[in-house]
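Note sheet for the following structure.
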Amino acid sequence: MQSSRKLLIVFMAPATLLYIVFLLAPVSFFLAIGLMQYDAIDLYQPVLTLANFGRMVLDPFYRDIILLTLKIAALTTVLTLLVGYPVAYLLARGRSAWRGVLMFLVVAPLMTGEIVRTYGWIVTLGSEGLVNRALLVLSIIHTPLQLLNTQIAVVVALVHILLPFMIFPLISALASQDPDLVRAADTLGAGRLRAFVEVTLPLSRTGIMIGSLLVFTLAAGAVVTPALLGGKDVQMLGQMIYDLVLHTLNWPLASACASILLALQLCFVFLQVRANRRAVRRR
Amino acid sequence: MLHSDRPVRARASRLRLLPGILLRLTVALVYLFLLGPIAVIVATSFSPTHSMAFPPPGFSFRWYGAFLHSANFTGAFRFSLVLGICAAAIATVIGFLTAYAARRLMQRHGGVVQSLAMLPLLIPHLLISISLLMALNFVSLPDFASLLAGHVLICTPFTVAGVTASLDGVDAQLESAAMTLGASRLTALLEVVVPLVAPGVLSAFLFAFVVSFGDVYIALFLSGPGTTTLPIEIFSYVQWESSPVIAAITSVQIMMIVVLGLVIEKLVGLRRIMRI
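Protein chains in written order, with the working numbering: chain E, 5 to 287; chain U, 741 to 1016.
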C-alpha cells in the first residue's frame, strides 16, 4: 500500500505543478491587479481600489464597448440556438445511417480553429465573394453589398464558429430524454407541435442553458473574429483587453475587464455542475 | 363509409411527414452554412490570379507555390508543427499519469481530480495568456517555454479526458491478475495497461496537437519574434492584406486536420475525446 501511495504522489505531481505554477498562480495574480491602482511607470501601485471596476461601468467609452459586446454575444447566442436546435434534434433522435458522418461534420470544423473559419468568412462575404455573387446572379441586388467590416459579419461568423458548442449540450439533453414521453403525448392527442412545445422543449432546458452560456461567454471574449470582420465600428471586450494590455498598458483596467469574462464563465460552470448533479440524482 | 375515409387518411399521413421533411431541409441548410466557408477557402486556394472572387476564374497551384516560397509562412508552419508536437507529447504524458492516478490509484476523490483537470477549459484562454505574459515580468522564461507551457495547459484537459475514457474500457481486474501473478504495479501498467490503451492515448495526442495547432488566444500574447505560430502569422497578415496565399495555407491546414480527425474517429471516436 505504501508503494501505491508513493506512486500516486509521483503520478499526480506533474499536473499539480503545471496547474499551480502556470495557471492558478499567474491568473490569481493578474486578477488581483484589477484591485490595484494604475501606474504609468510601474504598471500598478499596490494600493487597493475599486476604481478600475468603476471606470469600466461609468466611462462612456468602456461602457459602450461592454454594451456592444453584450448585444453581439446575445444575438449570437439566440441565433446559434435557433440554428443548432434542429441539428441537435435530428442527431439525437434520428436513426439515420448518416448520423456518424453528420456528427463528424459538426466536430471537424471546430478542429480547424477560429482563424481558419474567420478567414473563410472574409472570403465568402467579400465584395466578389460567394454571397454577393449569388445575390447579383439572382438579381436580388445590383451593386455588391458592403458585408465585411459590419456587425452582421461578426455575428454570422461567431454563429458559425460557436455552433458546435451549442449543438453538443443540446444533443446530450435531447438524447437523455425518454422518447416514449413524446409518444405518450401523441397518444393522448397532443399533436406533434404541441408535444414538442410542451414536452421536448421544456425537458431540454438544461441543454439550452448550458449551450447558451457557453456560446455567450466565448462570443463575449472573442478577439480575432471581431478584429478581422468588424472593422473600426465593432470594438468588443476581448479586443479592448488586448489593446489595454499591449498598447495602452493599463493592466489594472485590463484585469477588471477580464474578470467580467471569468465571472460569465463561472456562471456556466455553476449551471453545468447543477445539471450534472440533477442528472445523477435522476439515475 | 370505409371507402371515403381513405383519401382523408392518406392526406393526414402526408401531413404527418411534413415536419420531418422540413426538419431535414433545415438541417441541410445548416450544414451548408457550416461547411460553405471552408469549401470556399479550398476553392479560392486554386485561384490563378490575385482575385479573391468566387468562383475563382480558373485553376492553378500558384498560391501553394507562393506558400512554399514564403519564408515567413513556412517558418511559422514549421514552428507550429514543432510546438504542437512538443505540447501534445507533454500534455499526453501528464494526461496519462493524471488519468491513471484518478482511475486506478485513488479510492475516492478520483472524480474531483478529473473535474479539476478540466480547469484550463473553464478559464477564458485570453485570461490565461495575459496572466502568463504578466508572470514573465517577474520570472524570466524564454519565449518558447512560456508559449509551450500555455499550450500544454490548454491541451491537458483533453488528454486527461481521452485517456480516462480509454482506461474505463480496460478491465481493472487484468492489472490485479498481473499483480497477483507477481508483477509490480509499474510492470503491470507498462505491459498490460499501456498496450491496451495505446489507441486512446494516440488519439489524445493527435487531438491535443490539433488544439495546439489551431490556438490563437494563448499565442496572441505569448508569440514573439522567432516564436510566431501559424495562426498568429495569418492573423497579422490578414489584418492588412488579402491574398489567395492565405487560402492555400489554410487549405493545407484543413486537409491535415481532416486527416487527423478521421484517424481519431477510427481509433476511438472524436466525441469521446472532446467531451462536449
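Even glycine gets a Cβ: it sits at the ideal position worked out from N, Cα and C.
Asked	Found
For Val978/U and Ile781/U, the rounded distance between their alpha carbons	14 Å
Buried/exposed call for Gly760/U, threshold 16 Cβ in 10 Å	exposed
Residue from Ala231/E, Ser259/E, Gly193/E and Val203/E with nearest C-alpha to Leu185/E	Val203/E
7 Å Cβ shell around Ala831/U - same chain, five flanking residues per side excluded	Val892, Cys895, Thr896, Thr899 and Ala948
Cross-chain neighbours of Glu1068/U in chain E, by beta carbon under 7 Å	Since the first residue shown for chain U is 741 and the last is 1016, residue 1068/U is missing from the structure and cannot be characterised.
DSSP state of Met874/U mapped onto helix, strand, coil	helix
Contact list for Gly966/U against chain E, beta-carbon separation under 9 Å	Near Gly966/U there are no residues of chain E at all, since even the closest Cβ is about 18 Å away, more than 9 Å.
Length of the line joining the Cα atoms of Tyr66/E and Thr814/U	39 Å
Cutoff 7 Å; reference Asn812/U; Cβ partners in own chain excluding five residues on either side	Glu973
Residues from the region 166-192 of chain E in contact with chain U, defined by Cβ distance under 8 Å	Leu167, Pro168, Phe169, Phe172 and Pro173
Thr838/U: contacting residues in chain E (beta-carbon distance under 8 Å)	Phe15, Met16, Pro18 and Ala19
Selection from Phe884/U, Gly966/U and Leu970/U that minimises the alpha carbon distance to Cys826/U	Phe884/U
contact_flag[the region 115-129 of chain E, the region 942-960 of chain U] where n(CB pairs < 8 Å) is 3 or more	yes
Per DSSP, the bridge partner or partners of Gln979/U	The partner list for Gln979/U (beta bridge, DSSP) is empty, contrary to what the question assumes.
Where Gln49/E falls: helix, strand or coil (DSSP)	strand
Backbone secondary structure at Gln150/E - three-state DSSP	coil
Exposure label - Ser744/U; buried when at least 16 CB within 10 Å	Confidence is the limiting factor: at Ser744/U the pLDDT is only 48, short of 50, which leaves the residue's position unreliable, though a coordinate-based value still follows. With fewer than 16 other Cβ atoms within 10 Å, it is exposed.
Partners in chain E for Val985/U, counting only beta-carbon separations shorter than 7 Å	Simply none; closest approach about 11 Å.
Local Cβ density within 10 Å of Ala224/E, reported as buried at 16 or more and exposed below that	buried
DSSP three-state assignment for Gln41/E, whether helix, strand or coil	strand
Endpoints, alpha helix (DSSP H) assigned at Glu118/E	Glu118 to Leu129
For Pro90/E, three-class secondary structure by DSSP	helix
Distance CB(Leu1010/U)-CB(Val111/E) smaller than 7 Å	yes
Limits of the unbroken alpha helix (DSSP H) element including Asn136/E	Leu134 to Val141
Cβ separation of Tyr41/E and Pro256/E, assumed to be a contact under 8 Å, to the nearest whole Å	Contrary to the premise, residue 41/E reads as Gln rather than Tyr in this sequence. So it is a contact: roughly 7 Å between Cβ atoms.
Pair within 7 Å by beta-carbon distance, Ser871/U and Val127/E	no
Under 7 Å between C-beta atoms of Met213/E and Thr84/E	no
Phe817/U at chain E interface by Cβ criterion, 7 Å	no
Where Ile102/E falls: helix, strand or coil (DSSP)	For the sequence presented, residue 102/E should be read as Trp rather than Ile. It is coil, neither helix nor strand.
Contacts of Gln269/E in chain U (Cβ-Cβ under 8 Å)	Leu862, Ile863 and Pro864
Contact set between Ala342/E and chain U, taken where Cβ atoms lie within less than 8 Å	Any question about residue 342/E goes unanswered here, given that chain E covers just 5 to 287.
Chain U within 7 Å of Glu202/E, Cβ atoms only	no
Chain-order list of residues whose beta-carbon lies under 7 Å from that of Gly925/U (same chain, five-residue window excluded)	The sequence shown places Arg at residue 925/U, rather than the Gly named in the question. Closer than 7 Å at the Cβ level, and outside the excluded window around Arg925/U, lie Met919.
Where Trp803/U falls, given that 16 or more other Cβ within 10 Å makes a residue buried	buried
Residue of Tyr246/E, Leu232/E, Lys236/E and Ser8/E minimising C-alpha distance to Thr122/E	Leu232/E
Cut-off 7 Å between Cβ atoms - residues of its own chain near Ser869/U, not counting five sequence neighbours on either side	Gly890, Tyr957, Ile958, Leu960, Phe961 and Leu962
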